[in-house]
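Engineer: Once you've had a glance at the structure underneath, I'll fire off some questions.
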Amino acid sequence: MPLIDETQVVLDLTADDRHAATRVLAERLVATGRCTDLEAFLADVRKREETMATGLPGGIAIPHARSAAITEPTLGFGRLATGLDWGAKDGTADLVFLIAAPEGGGEAHMQVLPKLAKALMKREFTAALRSATSDAEVVALVQGEVGEAVPAASAAPAPAPAPAPEVSAAAEPAGASAGLTFVGVTSCPTGIAHTYMAAEALERAAADAGHTMLVETQGSAGANPLTPEQIAAADAVIFAHDVEVRGADRFAGKPLIDVGVKKAISDGPGLIAQAAAKSAEWRANPEARTVAPTAGATGGLSSKVDTKAGIGTQIRQWLMTGVSYMIPFVAAGGILIALSFMLSQVALGESGAIEIVKYNLTSDDAYNIAQNFDFASLTAWAALLYVIGAASFGFLVPILSGFIAFAIADRPGLVPGIVGGSVAATMGAGFLGGIVTGVLGGLVAKWIGSWKVHKGVRGVMPVVVIPLLSSFITLGLFITLLGGPMAALSDALNEWLTSLQGGSAFVLGLILGAMMGFDLGGPVNKVAYFFGTAGLAAAGTATDAPALTIMAAVMAAGMVAPLAMALATTLRPKLFSEPERENGKAAWLLGASFISEGAIPFAAADPIRVIVSSVFGSALTGGLIMVFGVTLRAPHGGIWVLPLMGGFLWFLVALAAGVALTTAIVLVLKSRDCKNVTASAVAIA
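Heads up: the sequence shown begins at 1466 in the working numbering, then just goes up one per residue.
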């Protein structure tokens, strides 16, 4: 389908405010079937505007959002006789583009949105929109810019397509051979519009000033990174961004202009002038080149923390950053230990798992596997797997703590975070202590990094001063004041989990399962998953820790919704649309692999029935897993880690029960509504 058609154009748009205008255009998207939930989409648009106003210079507004309610990239266009305030500094907007993208984005057809965003920076394009006399003419103008075929023969001639590549150089005007070469990165929270409009503005401003500009757009259409040669040849760098620049360390050592993305759109010439001035300053003054590392330089490490979000959201993002970096250690260590226990039971019988944990790398007896490894011994191989897995598990709390601190303070937070996590583990404070040292270390490092210091000290701040002082303050406070209470709290939590039997364990499983099935990869789901993976860190190498059962409950519950949707589309295909039936086929593999997001297309199209069904079925599975006592060391994998589970047959029984319940509920709810619709149609006839 084309990005826009005549039904999505409103040339005589009238509204009292921007929210009402957005609603009118969004209703057109609902009418064409591209928006499945009007209120959900409008909520996403409003949330985006709370982050940053979407009014642009020149009387343009681009309300936009990624949303699960959108089925494909699409546009709505409205022209206002009386402009409305959209937050632009130069006044009201009379041209409104409502830009809607699916939540996933990134597919090939997302390429058209960057082209439109760049077109909006062309005065000739916006002038043509203001003078258009028909809906078809607007469609032709837009399709001409994004490179789509014009369906209406009567449409007005469209300008020649002018798509810009992801990294593009503005045409160098005559006589510009003595000009400067700049590089830059643009990015915005959604990566739909501002990212590409900022790139176009910088390229045009550089060309007008006789310079060359290369821009890497880190947006919805992906990024074609600048090459090391292009960066090395640059006289200055411009970052126009509202989210973290990926790979910012590549630009270290270059004069940098760092601004928000809208600054590039509203004042491209000013930024180019600043870049030229800073380049000249650096050439004339060698001392100006001694600067702190580029903001966000992390050597390839990254976190997804929205610094403009509320404190609650930021805390969740800090914790999930720590978990995301901890999970590979959990996966490697957990699977190796599980394999070790399997082999040890073959080699040594039922006591194998107890005996194998005695092996190490430091003792002077036969249990030192480094000194006594026997290639022909199954026990030796089991011991080797255990020792490596246990070593991996030893990093869980330090890595969790270190990358929580990293999410707060970037690379300077790693030292107090990792060292703090190691101390927390040594003191028996477990993952709770790791969370405390991570947050404390990150906040202290960020605070010290904000100090105004002499330029002679600036260069050693990130590598000496911040790690030294933040580690001393963080570890000093934890060892003397916080460590003891945190160790006691961790012990109390472990004792409570160990005491869970029968009904209490079932209730905990119900709660965790319901959370996993509620928003299918969203914040609530992530909280339950964090509880499960953090429990693995607390369990260590124990063979019977209750946290191993919690991890099994979380994984099984997360598999229920996609498998149930796959089964439902197979049993009653007529209750689902053609796209849903296709998604159902993919959901078999996604669900089996513990990818809860496989059910999102169904929840987006029919949130009430699908989410209610998912919550009940996932809760049942989580409760049964806790009662059955299934254990699991791997934090992911679905059916592919079945051989590593303790009691995997009961895992399958619990999973089947939850899938059956979810399938039954969703089919009953959909069948009832289908009958109601049919009865209403008969009554009308």
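From the three backbone atoms N, C-alpha and C, an ideal C-beta is built for every residue, glycine too.
(1) I need the straight-line Cα distance from A1480 to A1729, nearest angstrom please.
(2) What three-state label does DSSP hand E1589 in the structure shown?
(3) Flag this pair as yes or no: are the beta carbons of M2030 and A2052 separated by less than 8 Å?
(4) Spatial neighbours of I2015 within its chain, please: CB distance less than 6 Å, with the 5 preceding and 5 following residues excluded, ordered by chain position.
(5) Find the nearest neighbour of V2133 within the set A1526, A1663, A1486 and T2034, judged by alpha-carbon distance.
(6) Does the beta-carbon of T1472 have 16 or more other beta-carbons within 10 angstroms, so that it is buried, or is it exposed?
(7) Whose CA, out of E1610, V1604 and K1823, lies closest to the CA of A1582?
(8) Please name the residue or residues paired with M1678 in a DSSP beta bridge.
(9) Can you tell me the Cα-Cα spacing of T1682 and K1587, whole angstroms?
(10) Distance check for D2071 and P2027, CA to CA, integer angstroms please.
(11) Going straight from the alpha carbon of T1557 to that of V2075, what length do you get?
(12) What separation, rounded to the nearest whole angstrom, lies between the Cα atoms of D2212 and G1733?
(13) Work out the CA separation of V1561 and I1535 for me, nearest whole Å.
(14) Do the CB positions of A1491 and S1532 come within less than 8 Å of each other?
(15) With distance defined between alpha-carbon atoms, name the residue in S1816, G1814, V1795 and G1893 nearest to I1853.
(16) Assuming P1567 is part of the beta strand (DSSP E), what are its boundary residues?
(17) Starting from D1477, trace the beta strand (DSSP E) in both directions and tell me its first and last residue.
(18) Measure the C-alpha to C-alpha separation of C1500 and M2110 and round it to an integer number of angstroms.
(19) Going by the CB atoms, is the gap between A1845 and I1834 shorter than 8 Å?
(20) Span of the alpha helix (DSSP H) holding T1516?
(21) Assuming V1648 and V1702 make a contact with CB atoms under 8 Å, what is their CB distance in whole Å?
(22) Which residue marks the beginning of the alpha helix (DSSP H) containing V2075, and which one marks its end?
(23) Quick test of your reading: V2122 and T2086, contact by CB under 8 Å. State the CB separation rounded to the nearest angstrom.
(24) Quick one: what's got a C-beta closer than 6 Å to V1607's C-beta in the same chain, skipping five residues either side?
(25) Would you kindly report the start and end of the unbroken alpha helix (DSSP H) that includes D1600?
(26) Using beta-carbon positions only, say whether S1805 and A1740 come within less than 8 Å of one another.
(27) Beta carbon of S1866, beta carbon of G1885: below 8 Å?
(28) If you draw a straight line from the C-alpha of R1483 to the C-alpha of D1600, how long is it?
(29) Report buried or exposed for Q1782, applying the criterion of at least 16 other Cβ atoms within 10 angstroms of its Cβ.
(30) My output table needs one value for V1972: the three-state DSSP class, helix, strand or coil.
(31) Leaving out the 5 sequence neighbours to the left and right, which residues in its chain are closer than 6 Å to D1550 when beta-carbon positions are compared?
(32) Within the chosen definition, does the segment 2077-2092 reach the segment 2042-2059 through at least 3 CB pairs nearer than 8 Å?
(33) Mind the definition here: the segment 1863-1878 touches the segment 1902-1921 only if three or more C-beta pairs lie below 8 Å; say whether that holds.
(34) Quick check: the Cα distance between K1823 and G1777, rounded to an integer number of angstroms?
(35) According to DSSP, simplified to helix, strand and coil, what is R2037?
(36) Which same chain residues, not among the five before or five after I2104, have their C-beta less than 7 Å away from its C-beta?
Structural biologist: According to the data block:
(1) 30 Å
(2) helix
(3) yes
(4) G1997 and G2000
(5) T2034
(6) exposed
(7) E1610
(8) F1647
(9) 18 Å
(10) 14 Å
(11) 42 Å
(12) What is shown of the chain runs 1466 to 2150, which leaves residue 2212 out entirely.
(13) 19 Å
(14) no
(15) V1795
(16) A1558 to P1567
(17) V1474 to L1478
(18) 42 Å
(19) yes
(20) L1503 to T1516
(21) 6 Å
(22) P2072 to F2093
(23) The question names Val, yet the displayed sequence has Ala at residue 2122. Right, their Cβ atoms sit about 6 Å apart.
(24) I1469
(25) D1600 to V1611
(26) no
(27) yes
(28) 21 Å
(29) buried
(30) helix
(31) T1557
(32) no
(33) yes
(34) 43 Å
(35) coil
(36) A2057
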